[in-house]
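Trainee:
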Amino acid sequence: MLFRSIERLAVEFLRSLGFTARRGVQFAGGPDSPDVIVDELPNVHIEVKGDRTIGLGTQALSAAMQQSIRDSGEKMPVVLWWEHRRGWRLTYMHRWENKYLRTTTDLHDDMRAVLWSLQIVGMCEQTRRQFHPRHVAG
Numbered sequence: 000m001l002f003r004s005i006e007r008l009a010v011e012f013l014r015s016l017g018f019t020a021r022r023g024v025q026f027a028g029g030p031d032s033p034d035v036i037v038d039e040l041p042n043v044h045i046e047v048k049g050d051r052t053i054g055l056g057t058q059a060l061s062a063a064m065q066q067s068i069r070d071s072g073e074k075m076p077v078v079l080w081w082e083h084r085r086g087w088r089l090t091y092m093h094r095w096e097n098k099y100l101r102t103t104t105d106l107h108d109d110m111r112a113v114l115w116s117l118q119i120v121g122m123c124e125q126t127r128r129q130f131h132p133r134h135v136a137g
């Protein structure tokens with residue numbers, strides 16, 4: 000793992016889940032430059048992290064989630080991260096009873112299902128914004 004970038008490893012992992020993935024633009028943060036791009040998930044912004052400081056409940060994970068939220072634009076923000084000696088984990092935000100909760104899973108089947116469901120939620124959000132704008136001109 001030392002000689003290969005974490006983004007490259009993330010791409011390999013996402014491919015193992017059945018997605019078509021490639022590395023994104025690495026020089027600028029924002030919705031047009033995610034760490035990895037998954038063709039099947041155009042409404043999901045994936046931030047990839049993989050240093051030894053990241054873990055459940057750490058400041059590093061909170062900062063990574065905030066970066067994903069900030070850079071995601073109108074996409075659904077997620078953090079795909081490698082926990083030392085544990086493997087890949089996926090942290091995402093979801094809405095439950097009008098609150099946003101941060102959830103993490105390390106089960107590969109769950110990650111695949113969560114990514115697909117976030118894609119659907121992102122599509123619904125785009126449709127809602129398209130047909131129910133906040134400000135009506137006139």
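Heads up, the sequence shown is in the working numbering, so the first residue is 0 and it goes up one at a time. Even glycine gets a Cβ: it sits at the ideal position worked out from N, Cα and C.
DSSP state of I68, grouped into three classes?
Mentor: DSSP, reduced to helix, strand and coil, places I68 within a helical segment of the structure shown.
Trainee: In terms of DSSP beta bridges, what is K48 paired with?
Mentor: W80
Trainee: By Cβ distance, which residues of its chain are closer than 7 Å to S67, with the 5 residues on each side in sequence left out?
Mentor: H44, E46, P76, V77 and V78
Trainee: Would you mind stating whether A53 and W87 have Cβ atoms separated by less than 8 Å?
Mentor: It should be pointed out that residue 53 corresponds to Ile in this sequence rather than to Ala. Cβ distance not < 8 Å, so I53 and W87 don't count as in contact.
Trainee: On a Cα-Cα basis, can you pick out the residue from E73, A9, I36 and K74 that is closest to G49?
Mentor: A9
Trainee: Tell me the DSSP bridge mates of I36?
Mentor: I36 is bridged to R21.
Trainee: Is it buried or exposed for E6, if we count other Cβ within 10 angstroms and need 16 for buried?
Mentor: buried
Trainee: Quick one: what does DSSP say T126 is sitting in, helix, strand or coil?
Mentor: helix
Trainee: With burial defined as no fewer than 16 other Cβ atoms inside 10 Å of the residue's Cβ, what is the status of I36: buried or exposed?
Mentor: buried
Trainee: Among residues of its own chain, excluding the 5 on either side of P33, which ones have a beta-carbon nearer than 6 Å to its beta-carbon?
Mentor: G23, H44 and I45
Trainee: How long is the line joining the alpha carbons of G72 and T103, rounded to whole angstroms?
Mentor: 21 Å
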